[in-house]
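Everything below concerns the one structure shown next.
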Amino acid sequence: MRLHPILHVWKLHDGTDFGAACGTPIRAPAPGVVVRRYSNAGYGNRLMLDHGTIDGRHVVTGFNHAASYLVDVGDRVRQGQLLGFVGSTGYSTGCHLHLMVWIDGQVVNPMSWY
Numbered sequence: 006m007r008l009h010p011i012l013h014v015w016k017l018h019d020g021t022d023f024g025a026a027c028g029t030p031i032r033a034p035a036p037g038v039v040v041r042r043y044s045n046a047g048y049g050n051r052l053m054l055d056h057g058t059i060d061g062r063h064v065v066t067g068f069n070h071a072a073s074y075l076v077d078v079g080d081r082v083r084q085g086q087l088l089g090f091v092g093s094t095g096y097s098t099g100c101h102l103h104l105m106v107w108i109d110g111q112v113v114n115p116m117s118w119y
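Quick look at the structure:
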């Protein structure tokens, strides 16, 4: 839990923030398929990749607050492929990537997966 810097309420912070300059490339951590791409108030520009089964577990990653994405729903991506660029969309106080990882449907600390 943390005090949300914009909403000023205590909220779960379910991911890891990586500070980076706006325009920094966002790359795929593993091969996968783009399953969602949309924008909302909280996460801003959001992209989700389904990586399928890795080491016997189903892995999905989410990339949030991007300035823009270069891939669309249904696209297959390679590890290291350029997905888009860091931004500050949605409830954000500056340029960064908010990375989320789900393993077998449960949100986990991205740092434990990489």
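Numbering-wise (our numbering), the sequence shown opens with residue 6 and increments by one.
Glycine included, every Cβ here is placed at the ideal spot set by N, Cα and C.
Can you list, in chain order, the residues of its chain whose CB lies under 6 Å from that of residue i, leaving out five sequence neighbours each side?
i, result
"His103", "Gly20, Asp22, Asn69 and His70"
Report the option in the options whose CA atom is closest to the CA atom of residue i.
i, options, result
"Leu52", "Asp60, Leu75 and Thr58", "Leu75"
"Pro115", "Gly61, Pro36, Thr66 and Leu54", "Thr66"
"Val40", "Tyr48, His56, Thr29 and Gly95", "His56"
"Ala25", "Thr98, Arg62, Leu54 and Thr58", "Thr98"
"Asp80", "Pro36, Ile31 and Thr29", "Pro36"
Pop quiz: residue i and residue j are said to be a contact at Cβ under 8 Å. What is the actual Cβ separation, rounded to whole angstroms?
i, j, result
"Gly42", "Val82", "Looking at the sequence shown, residue 42 is not Gly but Arg. With a Cβ gap of about 12 Å, Arg42 and Val82 do not count as contacting."
"Val38", "Val106", "In fact, because the Cβ distance is near 16 Å, the residues do not count as touching under 8 Å."
"Gln111", "Pro34", "At roughly 18 Å, the Cβ-Cβ gap does not stay under 8 Å, so Gln111 and Pro34 are not in contact."
For residue i, count neighbouring Cβ atoms within 10 angstroms of its own Cβ and tell me buried if that reaches 16, exposed if not.
i, result
"Ala123", "The shown model of the chain, from 6 to 119, leaves out residue 123, and the question about it has no answer."
"Cys27", "exposed"
"Gly61", "exposed"
"Ile59", "exposed"
Leaving out five residues on either side along the sequence, give the residues of the same chain with a beta carbon under 8 Å from the beta carbon of residue i.
i, result
"Ser44", "Asn50, Arg51, Thr94 and Gly95"
Within a Cβ cutoff of 7 Å, which residues of the same chain sit near residue i, ignoring the five residues on either side of it in sequence?
i, result
"Leu87", "Pro30, Arg32 and Leu75"
"Phe90", "Gly28, Thr29, Pro30, Ile31, Ala71, Ala72 and Ser73"
Contiguous beta strand (DSSP E) assignments of at least 3 residues, all confined to the region 58-89: 62-71
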